[in-house]
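Only one structure is covered here, and it is reproduced in the block below.
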Amino acid sequence: MGLRQCFIYSQYFVILITVALFVFIGESLGWQEIILIGTLALIFFGPKRLPELARKIGKTIADLKKAGQEFRRAWEQEIELEEREREFFKKAFDENLIIAEEKYAVKFEDKAQSQGIDENLAPRSASDPEFTSDKTFNNSAESDMRLEDNSEIKSNVQPENRKQYWL
Numbered sequence: 001m002g003l004r005q006c007f008i009y010s011q012y013f014v015i016l017i018t019v020a021l022f023v024f025i026g027e028s029l030g031w032q033e034i035i036l037i038g039t040l041a042l043i044f045f046g047p048k049r050l051p052e053l054a055r056k057i058g059k060t061i062a063d064l065k066k067a068g069q070e071f072r073r074a075w076e077q078e079i080e081l082e083e084r085e086r087e088f089f090k091k092a093f094d095e096n097l098i099i100a101e102e103k104y105a106v107k108f109e110d111k112a113q114s115q116g117i118d119e120n121l122a123p124r125s126a127s128d129p130e131f132t133s134d135k136t137f138n139n140s141a142e143s144d145m146r147l148e149d150n151s152e153i154k155s156n157v158q159p160e161n162r163k164q165y166w167l
């Protein structure tokens, strides 16, 4: 291996190190490290090739940043679309549930009246004043117990595996 080949390989090594430093450590370089790298690059590459090399490195870093921003933007759009879809289906489900409750509540009331079922056994809606004035809602000890039971359930629930938690 001749001296010329060693010099060429050392140039490639310096390029590799410089790119690695800018890509991986980029913003944490101090002025002393930058001067040292610049001096070494000037010695190895010379004043004629140094501007060309700096231009190539700058373009490469800009392309990498642009690709990263594009990926992040696409990922955020995908998350937003997923959330919109989830809200759409939830809204549609809620509307269908309300319609179904109204439809079947009327049918059940008609059946209850025709069959002579006691009104105490018939289902009540949440807007019914007797329903909201039940003793179970006024009893604070029972409601505290319900809160404790729910807290135990919630602590065992694992977080959802959604895209927004992947990054």
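Using our numbering, you'd call the opening residue of the sequence shown number 1 and step up by one each time. C-beta: ideal position from N, C-alpha, C; glycine also.
Within the model, the alpha-carbon separation for R55 versus E33 is close to 20 Å. Your pair L53 and I17 does not check out as a contact, with CB atoms roughly 13 Å apart and the cut at 8 Å. It is roughly 15 Å from the alpha-carbon of G46 to the alpha-carbon of I35. For G30, the three-state secondary structure derived from DSSP is coil. One alpha carbon belongs to A62, the other to I79, and they sit about 26 Å apart. With a contact defined as Cβ atoms closer than 8 Å, L50 and L40 miss out at about 11 Å.
One Cα belongs to E76, the other to E85, and the distance between them is close to 14 Å.
The alpha-carbon of K65 is positioned some 11 Å away from that of G58.
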